[in-house]
Ligand SMILES: Nc1ncnc2c1ncn2[C@@H]1O[C@H](COP(=O)(O)OP(=O)(O)O)[C@@H](O)[C@H]1O
Ligand SMILES: [Mg+2]
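Numbering (UniProt numbering), first residue to last: 1 to 392.
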């Protein structure tokens, strides 16, 4: 079986049945419903979106999937260009005549008008294309108009071809980082508000967004002040259940045996049920041709992985935390049952500092509160890494 660190679909996509069924059902229904998927990074959001995309595509529903992380350079201009390109390719099989987006980009303004009017497009689609393309080609400077036209293009393509369609924006919170103009002014938040206003009137297009950083997604979707407040159904992507973990092992490591059920339990626990961790651990087990796993071998595997991947894998994790947050994390990694009062004594930190670090770490979903005064890591591999790493 081949392991991967990229998103998975089809046979290699394990579990998530309820969520994928619900998304597919609602997005292909007559209801006007959109979704916001949240969950820590590497929990499998993109894979779910891709799986849903492939199911909808099989029903001949055009899906326009874009990931804000793939927009390079990170400008509004590139955003409109990508939207146009992806929208046209999603509708390709429904368009009256095939044409290449890249060709439209090199056609002069006047010739473009003629070309578009010869294509049997609806007037709205032709207009959207003309105006957004002229912005992309730097013939006009009205950025708000350009984004409006690029988003409307999707709705108008759907209207023209009498179909519903779905716009998926992965890593949605990063949209606020998109910049505009020579001064690189950040105007992503305005774009979010614009998208929201446009979607209110859309009849054919449904919206799905996803994000990993809980705080920033909240600002766009869940808070009462957020542009998309109450506009989308909120779904949290959880770690694999025990059952999904079992299915993963059976599919990816069919020959692997566990020396006892406790070892299997430990495997599940160290992975935190995070599919990415399972891919990493699984790859290593396969590399060593292991057929029977015991506790010692499991921890050797974990050590090897942390040595190979830890630095790289958790760098941005640690970069996002303040020194006192890291101190708290290290203390908890060493003894998970530690209460804030124990940390206070052992680490010589003030009660207030520890409390605010814990609140902040929970809002960033690095920790979750199990019960009063007891916190656990959302990613146990990260905890293992903190135990052995040299930082601080
Ligand atoms: N349902 C799944 N079955 C098997 N592997 C998965 C599944 N979901 C995610 N993965 C694996 O986990 C890793 C992270 O998945 P991804 O979808 O990119 O997560 P996210 O978008 O939340 O960061 C990838 O290596 C992917 O192969
Ligand atoms: Mg992703």
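We put the beta carbon where it would ideally sit given N, CA and C, even for glycine.
| When you compare only the Cα positions, how much space is there between residue 233 and residue 299? | The straight-line gap from Cα to Cα measures roughly 40 Å.
| query | Is the beta carbon of residue 441 within less than 6 Å of some heavy atom of ligand 2? | reply | Beyond the ends of the chain as shown, which are 1 and 392, falls residue 441; an answer cannot be given.
| field | Contact belief for residue 237 with residue 105 at Cβ below 8 Å, rounded distance in angstroms | value | Here residue 237 is actually not in contact with residue 105; their C-beta atoms are around 36 Å apart, not less than 8 Å.
| Ordered along the chain, which non-local residues of its own chain (more than five positions away) have a Cβ less than 8 Å from that of residue 96? | So the qualifying residues of the chain are 119, 120 and 121.
| request: My understanding is that residue 204 touches residue 165, with C-beta atoms under 8 Å, so please give their C-beta distance in whole angstroms. | output: Rounded, the Cβ-Cβ distance is 6 Å, consistent with contact.
| task | Would you kindly check if the distance between the Cβ of residue 253 and the Cβ of residue 273 is under 7 Å? | result | A distance of 7 Å or more separates the beta carbons of residue 273 and residue 253.
| query | Do the CB positions of residue 302 and residue 270 come within less than 7 Å of each other? | reply | Going by beta carbons, residue 302 and residue 270 fall inside the 7 Å limit.
| message | Just list the residues that DSSP pairs residue 257 with in beta bridges. | response | Listed as beta-bridge partners of residue 257 by DSSP are 292.
| field | Secondary structure of residue 79, DSSP reduced to three states | value | Under the three-state reduction of DSSP output, residue 79 falls in the helix class.
| 4 or more residues per run - each alpha helix (DSSP H) lying fully within the segment 127-209 | If only complete runs of 4 or more residues are kept, the segment 127-209 shows the alpha helix (DSSP H) at 143-160 and 188-201, in order along the chain.
| message | Can you tell me whether residue 8 sits near ligand 1, meaning its C-beta is under 6 Å from at least one heavy atom of the ligand? | response | Yes; taking the cut-off as 6 Å, the Cβ of residue 8 has a heavy atom of ligand 1 nearer than that.
| request: Can you grab the Cα-Cα spacing for the pair residue 178 / residue 150, in whole Å? | output: Near 16 Å, if we compare the C-alpha coordinates of residue 150 and residue 178.
| Coarse secondary structure for residue 328, derived from DSSP in three states | Residue state, collapsed to three classes: helix.
| Straight-line Cα distance separating residue 128 from residue 79 | C-alpha separation (whole angstroms): 15 Å.
| residue 61, DSSP secondary structure in three states | Reduced to three states, the DSSP call for residue 61 is coil.
| query | Which residue's Cα is closest to the Cα of residue 333: 46, 69 and 385? | reply | Closest option to residue 333, Cα to Cα, is 385.
| For residue 305, which option in 280, 323 and 243 has the closest C-alpha, if you only look at C-alpha atoms? | Among 280, 323 and 243, the Cα nearest to that of residue 305 belongs to 280.
| What did DSSP end up calling residue 368 once you bin it into helix, strand or coil? | Reduced to three states, the DSSP call for residue 368 is strand.
| query | Assuming residue 44 and residue 81 make a contact with CB atoms under 8 Å, what is their CB distance in whole Å? | reply | That belief does not hold up - the Cβ atoms of residue 44 and residue 81 are roughly 29 Å apart, past 8 Å.
| field | residue 35 - DSSP class collapsed to helix/strand/coil | value | DSSP places residue 35 within a strand segment (E or B) once states are collapsed to three.
| request: Thinking residue 76 and residue 187 are a contact (beta carbons under 8 Å), I'd like their distance in whole angstroms, please. | output: Cβ atoms of residue 76 and residue 187 come within 8 Å of each other, at about 7 Å.
| message | At a cut-off of 6 Å, would you count residue 35 as near ligand 1, judging by its Cβ distance to the nearest heavy atom? | response | For ligand 1, no non-hydrogen atom lies closer than 6 Å to the CB of residue 35.
| task | Report the option in 29, 276 and 356 whose CA atom is closest to the CA atom of residue 7. | result | Checked all of 29, 276 and 356; the closest Cα to residue 7 is 276.
| query | Within 6 Å: the Cβ of residue 234 and any heavy atom of ligand 1? | reply | Between ligand 1 and the CB of residue 234, the shortest heavy atom gap is not smaller than 6 Å.
| What is the rounded straight-line gap between the Cα of residue 169 and the Cα of residue 294? | Roughly 42 Å between the two C-alpha positions.
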